[in-house]
Amino acid sequence: MKREVLRSPATGGPPRGQSGFSITEMIVWVAVAIVVLAAGLTSYLGSRRSWETTASLARIQRDGSIAMEMMARSIRHGSTVEVDGDTLSVYYWTGSADSLLGRFYLHGGLLWDAAGVSIASDVDSVRFVTGANQTVNIDLYLREDMNTAERTTDDQMVLISTTSVCRN
């Protein structure tokens, strides 16, 4: 039994509605799909990089703000302060002698308190300046290296400053 192929009487090709894609149509479709996928991937990667940068900046700002609040609270409760380079010592007058209320110092990129607890990471530098009436100006420089060995345009840098006064 011989199989008969249906042909269109007008064109001699397959009947209308039963034709497939030609190789040219398939190549054009694949090229368009590749362009759309590449655009979507580029957009996704850019959004992800932007999110990582924003999250990194928010983290170092949060850490710096918490550390500044801890230091300012200690200074406000203190009677006197001493600054030795990047170390701040806060004392409270007990009536007969000074008692250490708090100590903050920079070591290894971390800001530490007297108990040996790290209160901020990614600290580039800290500057304590004492003034009249037991006033302390604090400048805390924090940085986040965004996966590069050297400082480039993708690094995040934050400066947080405050002034506190001993009240006791």
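In this note's numbering, the protein residues as written are 758 to 925. A virtual CB, placed ideally from N, CA and C, is assigned to each residue, including glycine. Model, not experiment: these values are computed from the prediction.
Buried or exposed (CB count within 10 angstroms, at least 16 for buried), glutamate 901: buried
Residues near asparagine 890 in its chain [Cβ-Cβ closer than 7 Å; skip 5 each side]: Val922
Expected contact under 8 Å - CB spacing of serine 875 and leucine 858 to nearest Å: At roughly 19 Å, the Cβ-Cβ gap does not stay under 8 Å, so serine 875 and leucine 858 are not in contact.
Leucine 868 beta carbon less than 7 Å from that of valine 886: no
7 Å Cβ cutoff met for methionine 825 and threonine 919: yes
Where valine 874 falls: helix, strand or coil (DSSP): coil
C-alpha gap between glycine 803 and arginine 816, whole angstroms: 20 Å
First and last residue of the uninterrupted alpha helix (DSSP H) at glutamine 818: 780-834
Assigned secondary structure, asparagine 890 (DSSP; H/G/I helix, E/B strand, else coil): helix
Alanine 871 versus Ser846, Ile780 and Gly888, residue with shortest Cα-Cα distance: Ser846
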